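Chains as they are written, first to last, in the numbering used here: chain A, 1161 to 1490; chain B, 1161 to 1490; chain C, 5 to 342; chain D, 5 to 342.
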Amino acid sequence: MTTRPTPITGPLTRERLLDAYRRMKTIREFEERLHVEIQTGSIPGFTHLYSGQEAVAVGVCESLATNDYIVSTHRGHGHCIAKGCDIGGMMKEIYGRADGLCKGKGGSMHIADFSKGMLGANAIVGGGPPIAVGAAIACRNRGDGSVSIAFGGDGSANQGTVFEAMNLAVVLKVPAIFVYENNGYAEHTGASYAVGSNNITTRSAAFGMPAERCDGADFFAVHATMERALAHCRAGHGPYTIEAMTTRFYGHFEGDPQLYRAKDEVRAQRESMDCLKRFAADAGQHGISPADLESIDSEVLLAIDAAVSEAREAAPPAEADLLTDVYVSY
Amino acid sequence: MTTRPTPITGPLTRERLLDAYRRMKTIREFEERLHVEIQTGSIPGFTHLYSGQEAVAVGVCESLATNDYIVSTHRGHGHCIAKGCDIGGMMKEIYGRADGLCKGKGGSMHIADFSKGMLGANAIVGGGPPIAVGAAIACRNRGDGSVSIAFGGDGSANQGTVFEAMNLAVVLKVPAIFVYENNGYAEHTGASYAVGSNNITTRSAAFGMPAERCDGADFFAVHATMERALAHCRAGHGPYTIEAMTTRFYGHFEGDPQLYRAKDEVRAQRESMDCLKRFAADAGQHGISPADLESIDSEVLLAIDAAVSEAREAAPPAEADLLTDVYVSY
Amino acid sequence: MPQKSMRDAINDALHIEMARDPRVIVLGEDVSGGAGGTSGEREASGGIFGITKGLLPKFGAERVIDTPISESAIMGAAAGAALAGLRPVAELMFADFVGVSLDQIFNQMAKFRYMFGGKTTCPVVVRLAMGAGMNMGAQHSQTIYPMLAAVPGLKVVVPSNAYDAKGLMLTALRDDDPVMFFEHKALYPRKCEVPDGDYTIRFGEASLVREGEHVTVVALARMVTFAEKAIDALAADGITCDLIDPRTVSPLDIDTILESVENTGRLVIADESPPRCSIASDIAAMVAQRGFRSLKAPIQMVTAPHTPVPFARELERAYVPSPQRIEQAIRLVMKESA
Amino acid sequence: MPQKSMRDAINDALHIEMARDPRVIVLGEDVSGGAGGTSGEREASGGIFGITKGLLPKFGAERVIDTPISESAIMGAAAGAALAGLRPVAELMFADFVGVSLDQIFNQMAKFRYMFGGKTTCPVVVRLAMGAGMNMGAQHSQTIYPMLAAVPGLKVVVPSNAYDAKGLMLTALRDDDPVMFFEHKALYPRKCEVPDGDYTIRFGEASLVREGEHVTVVALARMVTFAEKAIDALAADGITCDLIDPRTVSPLDIDTILESVENTGRLVIADESPPRCSIASDIAAMVAQRGFRSLKAPIQMVTAPHTPVPFARELERAYVPSPQRIEQAIRLVMKESA
Ligand SMILES: Cc1ncc(C[n+]2csc(CCOP(=O)(O)OP(=O)(O)O)c2C)c(N)n1
Ligand SMILES: Cc1ncc(C[n+]2csc(CCOP(=O)(O)OP(=O)(O)O)c2C)c(N)n1
Ligand SMILES: [Mg+2]
Ligand SMILES: [Mg+2]
């Protein structure tokens, strides 16, 4: 997967759609494989999987260029892949290897790739949006129509820093797009409880920006919403909010027994809210055959396999790296 | 001025109105006098005057009981007086005297009187609302219908902590009333710039609570709005927002040259937005004569005079007090 | 006596005090969990580390309060509830989240009593899970107790074992000042003998974990066990140490440290925080001022490096001060005073 | 050479660098002021302390950005703008407001370079006005530089005079790491000779303000002048001192301090912060570890007490370390090593 030097516009061609599918499938398989690998104990730390939300990341990032920025969250693998990060480098980072994208110093929650306009995942809920607004100031000042995107969850929409970021973006009229992935839960608490208004869109609107809800399981819906957001921002009209209704197919982090979830909820959602299934069902209309998708599927599986085996074999950082990349002497 | 052991309800009687007028007038004269005293250099630190906003503090606090709480701001003298704090103790605190309300340790920005349900002014913009929500939890758990009020300015309505507090109050359904005194400015910046939506009421509403704007120069308007807020909160329906449109007759702090304000703005507002003049104009309808008000006026002036001369004469704290009221040994 | 983990010991203390004092409430993210969930299970969590388990079923949702992800509001609400007569226990979850809530801790609850002239207290217990060792990365692994020990008005507790944690928590819950209660994540599962009943441990009383003649070793939280290992390794060479666990760093029992240094003449401090403005430097400075004449050798501090906490296993292992490094420091002070 | 106040010296540096480097932007509350006002005057403020005066008219509203009261967003926006290629100067106004913005400082900008494996830098200068002495009360008077010096990844500057402030600010603006630039409010009006042009002062190079034989005095920010007074008072008794102003506390020029202590054998540190986990204790600890053999007497630290900053004139005067207390400490180390 690559990033584009300039943003794409115009109709969703067959080629673009196949690429979007490839990205969604790559995210899915990356996460499903991690789910397995984590059980083996070979992955350090704790990991939050993005399975189920792929259409959001890819719908949002599909037409972005390298100089458009994204700022991500603790659940960031999908955003990275959608923005074009190398899955080999990501996997190595998650394994804590010396040639991971952040030399093994960051880990799953801190993947960044500045060469792709991916300004970093963030383990602080609500940490990202102010940063995205700062990047949006740079976009505005460059005047090249670039935009900056803050991903966040429903839970993050209760963090004060996020509200401040939205207001600041409105005041400065910068091209920031706030993407709230409402997957219904923040850890073990439902959004219907913790988001007092039970609606993030109306909150954003009350801060003074256009805000839309969309179906986060539908790539086409997310993409269309994002096109409106981009048109607004690239034209210099200030920020925009997208609230994508979605779900996560796994627990909050790996190991979560999910006692807060109804017994069959995930199974049902894997039927009704699987963006890949939905995409496949619609693909025919766009001249994409099941065989097209299957060939992508097998390529993706091979790529993930390769990423995992390389990561497994890769060298860990040297102890001396502990003291590099930071000012230490005193 | 006293606080009431239980809240008052029912019509605004002549007696209540005279008391409200006395409080507003006391605030006005307290501040006008401070404006003069500050020039003499006898008052330490920096002071933010409440002149012009009296109808808000008094309209909000008029019917409250001692076990209803208020949490105030850097511009807090008016709130204190409205809630029944002793003006002698306040003045001594502002002068930094040993028997000031906080023994001279707090100063103008940190006056509190727990015996009156006044939980403290706050020099951190946005510091108060989370505290008020905590007090509202205590009110809710006591189940005695008491409420907790967070005063704040238009500028505070951009601080993340304030948004968090509003959402938390909605989620926990606690009796918190957020009173935003929109005096048009935060320091040297206009609310029309810094509040991106240019409307605090709609923001609060989007957090999921009833929210009303009212004329902050009109005691009766503020009071009527507050009655609705109180009915809502005391009945256990959760929080409420009041945005009172008001103005300050002085600069942000004493010494502010107010370059951001149109030349005649204050003079014009002293005509059109003076709550005391407005009250006096309406008073006849309530059986209150100009003579009634004049006699209060002269009593108030005497009381302020007394407070100032006592504060001037009062003893400063002893050096040993530096180390009391806090855990110090180690 | 029953063996209990530090997790269960702290949970015990919360149960005891909530039953005894109706003013105690608990609030934080997922302290019960399950609110707004689809299973109907109202205690779906009991705290992300399980410390608040069983409280909701016993004491109800008015006293065990799940909150949105709004740490400033959580800390502020705890402060305000305290002013209004309650005794809140506020869970910050990871200590690192002090970043999004510091104002309510250091400008508000810490200062109320003093700033308001002693006319109120602010009895809040803030619980903070800290520490490296689980590869949680730079933003979930810090030991920021020095930052809060620096703040006048706060008390700061850093237990090293389950027994102490329970007794210190019961003291914290009954203290009228805001108490920052730091719980090292790596210690949660560690067990020791812990009585079922009510007992308290006074703040500002260090525990003398080992007695010896040659070196005074001061260690905090997880470093206590590491220091024990180091000391055990030295026994073969005839080097014996006083091992002092201050248990609370504000107040700090400097007298016990000074007395020990008077006997040994040598001081090693082991602290998981980075070195600058740390508790290690704090104690070293106090001894350099007040116990200088006793010292026979330079004070040695064994700390993390002045870097963020790295993610990779190999790097994090190198980051956390090890028993070996403590042992070397002890050998060094012996050598330098030989 | 022209005499300039520290206020004007810092303003100078901002003008110079904004003219030189188009990537430099300034943001914060009222850095220009007047936005949304009724007078139409767009530079109605120039910063609440006047440090950013004249920047808006010269460099325009895209580079001189007035913000709402949203310190987390200000600090975060600075961090994000830095990641995207700008070099922001973010005004926090009072240092105490780190409470409402710490996360973006200590979890974000401080950690980016390390956490992201050196693939980015984060060139932000945060300006913080600090210090007691103006009766501004407990929440507007703190000197919280120890809290930030403790954070790996941050550089921390604490100038004591106008000349240093300008040179250090120019260095800060050209540094690729986040720099916390602490400005003592009481020093803003103080003047000294300051060249008009461009010059820089290296971080981690202390200034030797006075030379003497008997005692090494280390002092920071406002304490430097106080220490000068103390030293002058001692001259009559034939006591002379090295007075070292570290100027930056992270990096810290410990070598200059160690060298001086090697000569004098005596150390006094004057620091306006409360004592615990302070820069005073930090320096004392380093010397107790690395300069122990040179010491002839216990190290003395002269600090504020472990209390919030009180409001009343008499109390605040007692709170701030005075020239007299520094003088007494110097006499004490002389006596104790006699
Ligand atoms: C400031 C902060 N508070 C709490 C946490 C712990 N935490 C990590 S993820 C999470 C839930 C986030 O929910 P949401 O924003 O909906 O994202 P999701 O996990 O659903 O993707 C919480 C509470 C944190 N990392 N940072
Ligand atoms: C967290 C924080 N940021 C900034 C300030 C500085 N400050 C004090 S008052 C004020 C303006 C407040 O405006 P508003 O809320 O409208 O209240 P007003 O002064 O108009 O009463 C500012 C920025 C502060 N005290 N605290
Ligand atoms: Mg979620
Ligand atoms: Mg205002």
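We put the beta carbon where it would ideally sit given N, CA and C, even for glycine. Being a predicted model, the structure only gives us computed values, none of them experimental.
- Distance from the CA of V1293(A) to the CA of A1310(A), rounded to the nearest whole angstrom, comes to 8 Å.
- Short of 7 Å from the beta carbon of S264(D), and not among the five residues preceding or following it, lie these beta carbons of its own chain, in chain order: T220, D246 and I248.
- Residue pairing by DSSP puts L256(D) in a beta bridge opposite V253(D).
- Under the 8 Å criterion on CB atoms, E45(C) is classed as non-interfacial with respect to chain B.
- Under the three-pair Cβ rule at 8 Å, the segment 182 to 190 of chain C counts as touching the segment 160 to 170 of chain C.
- Of all residues in the segment 234 to 268 of chain C, the ones placed with a Cβ closer than 9 Å to any Cβ belonging to chain D are V253, S254 and L256, in chain order.
- Secondary structure within the segment 29 to 95 of chain D: the beta strand (DSSP E) runs of 3 or more consecutive residues, fully enclosed, are 68 to 70 (chain order).
- Among the CB atoms of chain C, one or more fall inside 8 Å of the CB of F1206(A).
- In the same chain as E47(D), and ignoring 5 residues on each side of it, the C-beta atoms closer than 7 Å to its own belong to S36, G37, G38, L60 and P61, in chain order.
- By a beta-carbon distance limit of 8 Å, N1282(A) does not contact S1211(A). Their separation comes to about 20 Å.
- Shown in chain order are the residues whose CB sits closer than 6 Å to a heavy atom of ligand 4: G1313(B), D1314(B), G1315(B), N1343(B), Y1345(B) and A1346(B).
- Inter-segment contact for the segment 1220 to 1236 of chain A and the segment 276 to 288 of chain C is absent: fewer than three beta-carbon pairs are separated by less than 8 Å.
- Neighbours of K1265(B) in chain C, taken as residues at a C-beta separation under 7 Å, are given in chain order as Y118, M119 and G121.
- Inclusion of A1351(A) and S43(C) in the CB contact set at 8 Å is not warranted, their separation being larger than that value.
- Distance from C1435(A) to I1402(A) at the Cβ level is roughly 15 Å; contact not present, criterion being Cβ atoms closer than 8 Å.
- Nearest to G208(C) by alpha-carbon distance, out of A81(C), A234(C), L172(C) and A166(C), is L172(C).
- Look at I261(D) here: in three-state DSSP terms it is helix.
- Checking the 7 Å criterion, the Cβ of V102(D) is out of range of every heavy atom belonging to ligand 2.
- Secondary structure of H1239(B) (DSSP, three-state): helix.
- Residue pairing of A1371(A) in beta bridges, as defined by DSSP: T1401(A).
- The straight-line gap separating the alpha-carbon atoms of H1208(A) and P1370(A) is approximately 30 Å.
- Interface flag for T1401(B) against chain D is unset, since no Cβ pair is found closer than 8 Å.
- Of the residues E320(D), A225(D) and A289(D), the one whose Cα lies closest to the Cα of A274(D) is A225(D).
- Here the alpha carbon of G1368(B) sits roughly 41 Å from the alpha carbon of A169(C).
- S1469(B) and A289(C) have their C-alpha atoms spaced approximately 48 Å apart.
- Taking each of Y149(D), G141(D), P156(D) and K189(D) in turn and checking the Cα distance to R11(D), the smallest one comes out for K189(D).
- For a Cβ distance threshold of 8 Å, residue set E33, D34, G37, S49 and I52 of chain C lies close to E1347(A), ordered along the chain.
- By DSSP's assignment, C245(D) forms a beta bridge with V219(D).
- Collapsing the DSSP output to three states places M5(C) in coil.
- An exposed status is given to G1447(A), since fewer than 16 other beta-carbon atoms sit within 10 Å of its beta-carbon.
- Boundaries of the beta strand (DSSP E) around N1342(A): A1336 to N1342.
- For P72(D), the nearest beta carbon of chain C is not closer than 8 Å to its own beta carbon.
- Straight-line spacing of the CA atoms in G1170(B) and L1332(B) works out to 29 Å.
- For R1164(A), DSSP records a beta bridge to A1225(A).
- The DSSP-derived three-state label of Q304(C) is strand.
- By the beta-carbon neighbour count (other beta carbons within 10 angstroms, threshold 16), L1462(B) is exposed.
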